[in-house]
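The block underneath contains the structure these notes are about, expressed in structure tokens.
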Amino acid sequence: MEAAMDLMRRMPPGSTEMALNALLSLLPDHSLDLLSQVDLPLQVCMDKENNKEYILCEYNRDADSYRSPWSNIYEPPLEDGTVPSDEMRNLEIEANEVFSVYRDQYYEGGVSSVYIWEDEDESFIACFLIKKDGQGKRGHMQIGSWDAIHVIQVGSEEEGAAHYCLNSTVMLSLTTDNMQSGMFNLSGSIRRQMSMTLAVADGHLVNMGKMIEEMEGKLRNSLDQVYFGKTREMVCSLRPPPEVLNMRLPDS
Amino acid sequence: MSDDDGGAGEQQQQLSDGQKREIAVWFLSRAPAGEIHYVAKDVRALLGDDAVYEAAAAEAYPEYNKAQLVSLGLPDRSGDIIITSYGELDKNNYLDPRTGQVATVDHIKQTCTNLRPATDEELPSAYTEEFRSAIDVELSKYVSEAYPKGVCAVYCTKGKDVEGPGADFCLAVVISAARRSPQNFCNGSWRSIWTLEFSDEFQYVDIKGKIQVGAHYFEEGNVQLDTIVDRKDSTVLQSPEDTALSVTNIIRHQESEYFSSLEESYLNLSDATFKDLRRKLPVTRTLFPWQNTKALSLTRDLAKELALGK
Numbered sequence: 019m020e021a022a023m024d025l026m027r028r029m030p031p032g033s034t035e036m037a038l039n040a041l042l043s044l045l046p047d048h049s050l051d052l053l054s055q056v057d058l059p060l061q062v063c064m065d066k067e068n069n070k071e072y073i074l075c076e077y078n079r080d081a082d083s084y085r086s087p088w089s090n091i092y093e094p095p096l097e098d099g100t101v102p103s104d105e106m107r108n109l110e111i112e113a114n115e116v117f118s119v120y121r122d123q124y125y126e127g128g129v130s131s132v133y134i135w136e137d138e139d140e141s142f143i144a145c146f147l148i149k150k151d152g153q154g155k156r157g158h159m160q161i162g163s164w165d166a167i168h169v170i171q172v173g174s175e176e177e178g179a180a181h182y183c184l185n186s187t188v189m190l191s192l193t194t195d196n197m198q199s200g201m202f203n204l205s206g207s208i209r210r211q212m213s214m215t216l217a218v219a220d221g222h223l224v225n226m227g228k229m230i231e232e233m234e235g236k237l238r239n240s241l242d243q244v245y246f247g248k249t250r251e252m253v254c255s256l257r258p259p260p261e262v263l264n265m266r267l268p269d270s
Numbered sequence: 025m026s027d028d029d030g031g032a033g034e035q036q037q038q039l040s041d042g043q044k045r046e047i048a049v050w051f052l053s054r055a056p057a058g059e060i061h062y063v064a065k066d067v068r069a070l071l072g073d074d075a076v077y078e079a080a081a082a083e084a085y086p087e088y089n090k091a092q093l094v095s096l097g098l099p100d101r102s103g104d105i106i107i108t109s110y111g112e113l114d115k116n117n118y119l120d121p122r123t124g125q126v127a128t129v130d131h132i133k134q135t136c137t138n139l140r141p142a143t144d145e146e147l148p149s150a151y152t153e154e155f156r157s158a159i160d161v162e163l164s165k166y167v168s169e170a171y172p173k174g175v176c177a178v179y180c181t182k183g184k185d186v187e188g189p190g191a192d193f194c195l196a197v198v199i200s201a202a203r204r205s206p207q208n209f210c211n212g213s214w215r216s217i218w219t220l221e222f223s224d225e226f227q228y229v230d231i232k233g234k235i236q237v238g239a240h241y242f243e244e245g246n247v248q249l250d251t252i253v254d255r256k257d258s259t260v261l262q263s264p265e266d267t268a269l270s271v272t273n274i275i276r277h278q279e280s281e282y283f284s285s286l287e288e289s290y291l292n293l294s295d296a297t298f299k300d301l302r303r304k305l306p307v308t309r310t311l312f313p314w315q316n317t318k319a320l321s322l323t324r325d326l327a328k329e330l331a332l333g334k
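Here the protein sequences come in this chain order: G and V.
In this text, residue positions in the first sequence follow this note's numbering: the first is 19, and each later residue adds one.
In this text, residue positions in the second sequence follow this note's numbering: the first is 25, and each later residue adds one.
Dropping the structure here:
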């Protein structure tokens with residue numbers, strides 16, 4: 019597993035799916051571990067009843083069907099697909115509504131879905147997903163995509179507080195392609211964890227939402243630095259820009 | 025090779041050794057610049073079958089070394105040799121056109137094991153060599169100025185036996201600069217190949233270039249830059265020295281222009297595309313009012329209006 023994860027850290031991010039399939043065929047005994055530890059770009063499906071898109075992941079999958087957070091129905095239809103308890107489903111409905119507004123304010127578009135399941139001992143797991151594809155507005159052939167996966171484990175309530183453990187992954191891909199500058203692709207993913215114990219007075223949704231908002235802000239900043247900073251630094255160390263050369267070699 | 029090789033999916037049947045080898049080759053050939061040894065270590069551990077691994081490595085390493093334009097120190101320390109198909113005499117023997125020597129290469133260890141003088145048949149005629157070495161001299165100056173870790177070589181790819189004016193010949197310029205910084209979780213490479221077609225009839229040199237830049241950052245993540253561009257230019261055929269100057273100037277100009285366009289792409293993507301994907305703050309310029317989930321219907325209407333109005 020260690021070698022498999024190291025390998026995934028080195029393969030081109032655009033080939034993640036192929037690489038995962040290759041690993042699954044080499045290590046069929048570790049397929050559960052692989053599927054839970056390797057994040058793939060998110061897929062979207064249409065809820066025909068509500069005419070709304072939703073995101074597919076392991077958390078809303080049963081057999082080969084995926085449950086829509088809007089209608090609570092599996093597509094393709096599944097006779098006895100598992101659904102959350104009423105309590106969890108109510109929280110899920112509310113979370114989807116609130117998260118849609120959050121998503122619209124930060125992303126001005128895109129698709130979001132929230133799935134909630136009870137875990138052991140009165141704790142539960144919530145999975146918040148956002149997918150946004152963007153195209154440059156200035157006639158540049160630019161394509162971008164942002165996929166965010168936030169999984170929060172919420173411990174049972176004790177003395178008015180609960181423990182929240184958030185695992186977040188953002189996958190980003192940015193491409194430009196034109197005659198003058200050729201093909202330019204920056205892509206990849208970063209993953210971070212955050213744990214907090216918070217009072218439940220305002221409800222779980224407020225706590226989870228705040229954590230996700232803080233995490234997304236941090237991830238966006240590190241992506242800005244990591245994607246644009248580190249790789250650009252590398253390019254500049256391969257071929258230092260003219261101003262650096264001039265400083266080193268005056269008048270030569 | 026087709027991209028489907030790794031797509032065995034969730035088939036439960038045992039993989040044949042051939043399929044395992046193909047998967048191993050698939051991983052090895054996709055290693056970022058300077059990382060094939062790390063990938064090889066992982067692949068070897070995953071396969072748990074040294075014979076299959078050895079076969080995959082023997083297949084993947086030579087192709088990887090050529091594609092990445094890996095440079096190796098010559099055993100007599102007289103310089104570096106670039107592994108490229110332009111200098112490939114056979115699988116393990118590569119010509120170093122600058123010193124007129126042939127190096128035997130261990131692809132998997134990425135070392136040179138032996139060195140011998142090239143035979144006359146392996147070297148270009150005196151006439152093309154004059155052009156080749158003149159360009160090599162000018163180009164080396166440029167590469168040492170522009171790329172702190174850069175190496176370059178000029179090969180004769182066609183018309184090796186042209187003895188004087190009156191016939192066409194081709195040269196290939198290869199520039200390779202790699203930087204490895206695994207302690208900083210960062211590796212990268214700049215590779216350019218320029219082909220020069222000398223036309224005797226029209227007295228000009230047709231210049232075509234391909235530049236590829238890659239960078240990999242992998243601290244708590246996996247971020248890769250991958251770029252490729254084609255460039256075209258031409259110059260008139262003059263004396264070897266003047267041709268060398270003008271060819272090198274063109275390459276210098278084209279590569280610095282490309283470098284600027286990379287900088288511009290970074291700016292564009294950061295300013296435009298990245299902001300289009302996710303804003304730093306909501307349209308309201310304040311953090312999301314999670315406390316006011318009761319008043320959400322209002323916010324939702326506002327958000328809808330804003331979404332419609334954009």
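Think of the CB as a built atom: it goes at the ideal place given N, C-alpha and C, for glycine as much as any other residue.
Note that this is a predicted model, so its numbers are computed, not measured.
(message) When you compare the CB of V:S26 with every CB in chain G, is at least one pair closer than 7 angstroms?
(response) The residue given as residue 26 of chain V occupies position 2 in the second sequence. Interpretation of V:S26 is limited by its pLDDT of 40, a score under 50 that renders its predicted location unreliable; the figure taken from the coordinates is listed afterwards. Output row for V:S26: interface = no.
(message) By the 9 angstroms beta-carbon criterion, what residues does the region 149 to 166 of chain V contribute toward chain G?
(response) none
(message) Beta carbons nearer than 8 angstroms to chain V: which residues of the region 178 to 212 of chain G have them?
(response) L190, L192, T194, Q198, S199, G200, M201, F202, N203, L204, S205, G206, S207, I208, R209, R210
(message) Are the CB atoms of G:F202 and V:T251 within a distance shorter than 7 angstroms?
(response) As a working mapping, residue 251 of chain V is identified with position 227 in the second sequence. As a working mapping, residue 202 of chain G is identified with position 184 in the first sequence. It is a contact, given that the beta carbons lie within the stated cut-off.
(message) Considering just the uninterrupted stretch of the beta strand (DSSP E) at G:W135, what are its terminal residues?
(response) Reading the first sequence from its first residue, position 117 is the one you call residue 135 of chain G. G:W135 -> beta strand (DSSP E) spans 129 to 136.
(message) Can you tell me whether V:D192 is helix, strand or coil according to DSSP?
(response) Locating residue 192 of chain V in the second sequence gives position 168, where the first residue counts as 1. Here V:D192 sits in coil by DSSP.
(request) Could you list the residues in the region 47 to 61 of chain V with a C-beta less than 7 angstroms from some C-beta on chain G, going in chain order? (result) I47, W50, F51, R54, A55, P56, E59
(request) Taking only the alpha-carbon atoms, compute the straight-line gap between G:M36 and V:Y290 and give it to the nearest angstrom. (result) By 1-based counting over the first sequence, the position of residue 36 of chain G is 18. By 1-based counting over the second sequence, the position of residue 290 of chain V is 266. Each residue's Cα considered, the two are about 28 angstroms apart.
(request) Use the C-beta contact count for G:N114: other C-beta atoms within 10 angstroms, 16 or more gives buried, fewer gives exposed. (result) For the purposes of this step, residue 114 of chain G is taken as residue 96 along the first sequence, with counting starting at 1. Looking at its Cβ environment, which holds 16 or more other Cβ atoms inside 10 Å, G:N114 is buried.
(request) Note the first and the last residue of the continuous alpha helix (DSSP H) segment covering V:A48. (result) By one-based count along the second sequence, residue 48 of chain V stands at place 24. Taken as a continuous stretch (DSSP letters only), the alpha helix (DSSP H) holding V:A48 covers 41 to 53.
(request) Locate the alpha helix (DSSP H) running through V:T272, then write down its first and last residues. (result) Stepping through the second sequence from its first residue, residue 272 of chain V is reached at position 248. Counting along the chain, the alpha helix (DSSP H) containing V:T272 begins and ends at 264 to 292.
(request) Could you name the residues of the same chain whose beta carbon sits closer than 6 angstroms to that of V:D185, not counting the 5 residues immediately before and after it, in chain order? (result) The sequence position of residue 185 of chain V within the second sequence is 161, counting from 1. S149, listed in sequence order.
(request) Within the region 178 to 243 of chain V, note down every full beta strand (DSSP E) run reaching 3 residues or more, in order along the chain. (result) 193 to 205, 210 to 223, 228 to 241
(request) Give the DSSP-derived three-state secondary structure of G:H181 in the structure shown. (result) Numbered from 1 along the first sequence, position 163 holds the residue referred to as residue 181 of chain G. G:H181: strand per DSSP, three-state reduction.
(request) Could you check what DSSP says for G:D242 in three-state terms: helix, strand or coil? (result) Translated into positions along the first sequence, residue 242 of chain G becomes position 224. If DSSP states are grouped into helix, strand and coil, G:D242 belongs with the helices.
(request) Kindly indicate which residue of G:R79, G:D82, G:E93, G:G99 has the alpha-carbon position closest to the one of G:N68. (result) As a working mapping, residue 68 of chain G is identified with position 50 in the first sequence. Among G:R79, G:D82, G:E93, G:G99, the Cα nearest to that of G:N68 belongs to G:E93.
(message) I'd like the span of the beta strand (DSSP E) that includes G:D165, first residue to last.
(response) Here residue 165 of chain G refers to the residue found at position 147 of the first sequence. Run containing G:D165: 160 to 172, per the beta strand (DSSP E) assignment.
(request) Would you tell me roughly how many angstroms separate the C-alpha atoms of G:D104 and G:D98, rounded to the nearest one? (result) Taking the first residue of the first sequence as position 1, residue 104 of chain G is located at position 86. Taking the first residue of the first sequence as position 1, residue 98 of chain G is located at position 80. Approximately 16 angstroms between the Cα atoms of the pair.
(request) Please look up how many angstroms separate the CB atoms of V:Y166 and V:I275, rounded, as I've assumed it's under 8 angstroms. (result) Counting from 1 along the second sequence, the entry for residue 166 of chain V is found at position 142. Counting from 1 along the second sequence, the entry for residue 275 of chain V is found at position 251. At roughly 7 angstroms, the Cβ-Cβ gap stays under 8 angstroms, so V:Y166 and V:I275 are in contact.
(request) Identify which residue in G:D139, G:T194, G:A166 has its Cα closest to the Cα of G:S174. (result) Working through the first sequence from its first residue, we reach residue 174 of chain G at position 156. The option with the nearest alpha carbon to G:S174 is G:D139.
(request) Please list the residues of the region 249 to 272 of chain V that have a C-beta atom closer than 7 angstroms to any C-beta atom in chain G, keeping them in chain order. (result) L249, D250, T251, I252, V253, D254
(message) Taking the alpha carbon of V:V94 as the reference point, which residue from V:K182, V:A57, V:S294, V:E46 has its own alpha carbon closest?
(response) Residue mapping note: residue 94 of chain V aligns to position 70 of the second sequence, counting from 1. Per the Cα distances, V:A57.
(request) Check whether the Cβ of G:Y92 lies closer than 7 angstroms to any Cβ atom in chain V. (result) The count along the first sequence starts at 1 and reaches residue 92 of chain G at position 74. For G:Y92, the answer is no, since every Cβ of chain V falls outside 7 angstroms of its Cβ.
(message) I need the DSSP call for G:C75, collapsed to helix, strand or coil.
(response) Taking the first residue of the first sequence as 1, we reach residue 75 of chain G at position 57. Here G:C75 sits in coil by DSSP.
(request) Report, in whole angstroms, the separation of the C-beta atoms of V:F193 and V:T259, which I expect to be a contact under 8 angstroms. (result) Walking along the second sequence from the start, residue 193 of chain V turns up at place 169. Walking along the second sequence from the start, residue 259 of chain V turns up at place 235. V:F193 to V:T259, Cβ: 15 angstroms. No contact.
(request) Count the other C-beta atoms from every protein chain shown that fall within 10 angstroms of the C-beta of V:G72, then say buried if there are 16 or more, exposed otherwise. (result) Walking along the second sequence from the start, residue 72 of chain V turns up at place 48. So V:G72 counts as exposed.
(message) At a CB distance below 7 angstroms, what residues from the region 185 to 207 of chain V approach chain G? Give them in sequence order.
(response) A201, R203
(request) Would you mind stating whether G:Q211 and G:N185 have Cβ atoms separated by less than 7 angstroms? (result) In the first sequence, the residue the question calls residue 211 of chain G occupies position 193. In the first sequence, the residue the question calls residue 185 of chain G occupies position 167. Closer than 7 angstroms, so yes.
(request) Examine chain V for any beta-carbon lying closer than 7 angstroms to the beta-carbon of G:D104, and answer yes or no. (result) In the first sequence, residue 104 of chain G corresponds to position 86, counting from 1. No, because no Cβ of chain V sits closer than 7 angstroms to the Cβ of G:D104.
(request) Using the Cα positions of G:R79 and G:I73, report the straight-line distance between them to the nearest angstrom. (result) Numbered from 1 along the first sequence, position 61 holds the residue referred to as residue 79 of chain G. Numbered from 1 along the first sequence, position 55 holds the residue referred to as residue 73 of chain G. Near 11 angstroms, if we compare the C-alpha coordinates of G:I73 and G:R79.
(message) So, for V:S270: in the same chain, excluding its five sequence neighbours on each side, which residues have a beta-carbon less than 6 angstroms away from its beta-carbon?
(response) Taking the second sequence and counting its residues from 1, the one referred to as residue 270 of chain V is at position 246. Excluding residues within five positions, the ones whose Cβ falls inside 6 angstroms are T259.
(request) Within its chain, find whatever has a CB closer than 7 angstroms to the CB of G:Y84; leave out the 5 residues flanking it on each side and keep chain order. (result) The residue labelled residue 84 of chain G in the question sits at position 66 within the first sequence. Counting only Cβ-Cβ distances below 7 angstroms, and skipping sequence neighbours, we find C63, L74, N78, Y92, E93.
(request) Could you tell me how far apart the beta carbons of V:W218 and V:Y171 are, in whole angstroms, since I believe they sit closer than 8 angstroms? (result) One-based indexing of the second sequence puts residue 218 of chain V at position 194. One-based indexing of the second sequence puts residue 171 of chain V at position 147. 14 angstroms between Cβ atoms; not a contact.
(request) Label G:R28 either buried or exposed according to how many other C-beta atoms from any shown protein chain fall within 10 Å of its C-beta, with 16 as the threshold for buried. (result) Numbered from its first residue, the first sequence carries residue 28 of chain G at position 10. Buried, by the Cβ-count rule.
(request) Please classify G:V116: does DSSP put it in a helix, a strand, or coil? (result) The count along the first sequence starts at 1 and reaches residue 116 of chain G at position 98. In this structure, G:V116 counts as helix in the three-state DSSP scheme.
(request) Assign G:S54 to one of three DSSP states: helix, strand, or coil. (result) Working through the first sequence from its first residue, we reach residue 54 of chain G at position 36. Helix at G:S54.
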